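Colleague: Please see the structure below; I have some questions.
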Amino acid sequence: MVINMKASLLKAMELAVNAEAQARDRYKELAKQAEDQETRLLFEQIAREEDMHLKKLSERLKALKMMG
Numbered sequence: 001m002v003i004n005m006k007a008s009l010l011k012a013m014e015l016a017v018n019a020e021a022q023a024r025d026r027y028k029e030l031a032k033q034a035e036d037q038e039t040r041l042l043f044e045q046i047a048r049e050e051d052m053h054l055k056k057l058s059e060r061l062k063a064l065k066m067m068g
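Residue numbers (UniProt numbering): 1 to 68.
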């Protein structure tokens with residue numbers, strides 16, 4: 001039971017990491033396509049926020065994997 005819970009948690013964390021990476025990449029692309037500076041800056045800020053989420057989740061995922 002504990003193994004299944006840990007496997008489920010790892011899978012959920014991996015999905016979250018992938019979702020954050022995709023969101024970050026999408027906002028970066030939207031920033032490149034923005035027609036005005038205000039919109040570009042907004043998308044760049046959101047991309048940075050997604051990148052921070054990605055880093056935090058990646059660190060937690062790494063820690064979970066190290067716990068064996």
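Glycine included, every Cβ here is placed at the ideal spot set by N, Cα and C.
It should be emphasised that the depicted structure is a prediction, and the values quoted were computed from it without experimental measurement.
Rounded to the nearest angstrom, what separates asparagine 18 and glutamate 35 at their Cα positions?
Modeller: Locating residue 18 in the sequence shown gives position 18, where the first residue counts as 1. Locating residue 35 in the sequence shown gives position 35, where the first residue counts as 1. Their backbone Cα atoms lie some 28 Å apart in a straight line.
Colleague: When the Cα atoms are used, what is the spatial distance from methionine 13 to glutamine 33?
Modeller: Looking up residue 13 in the sequence shown gives position 13. Looking up residue 33 in the sequence shown gives position 33. Methionine 13 and glutamine 33: Cα-Cα distance of roughly 30 Å.
Colleague: Find out if the Cβ-Cβ distance for the pair alanine 47, alanine 63 is shorter than 9 Å.
Modeller: Here residue 47 refers to the residue found at position 47 when the sequence shown is read from its first residue. Here residue 63 refers to the residue found at position 63 when the sequence shown is read from its first residue. It is not a contact, given that the beta carbons lie outside the stated cut-off.
Colleague: Using the three-state DSSP reduction, which class does aspartate 36 fall into: helix, strand or coil?
Modeller: Taking the first residue of the sequence shown as position 1, residue 36 is located at position 36. Three-state result, aspartate 36: coil.
Colleague: Going by the C-beta, is glutamate 29 closer than 8 Å to any heavy atom of the ligand SAM?
Modeller: Among the components of this structure there are no ligands whatsoever, and the ligand SAM is therefore not found.
Colleague: Excluding sequence positions up to five away, which residues of its chain have a Cβ less than 6 Å from the Cβ of aspartate 51?
Modeller: The residue labelled residue 51 in the question sits at position 51 within the sequence shown. So the list reads Arg24, once near-sequence residues are dropped.
Colleague: Could you round the C-beta distance between lysine 65 and leucine 15 to whole angstroms and report it? I think they count as a contact, below 8 Å.
Modeller: Locating residue 65 in the sequence shown gives position 65, where the first residue counts as 1. Locating residue 15 in the sequence shown gives position 15, where the first residue counts as 1. Going by Cβ atoms, the distance from lysine 65 to leucine 15 rounds to 15 Å, so no, they are not a contact pair.
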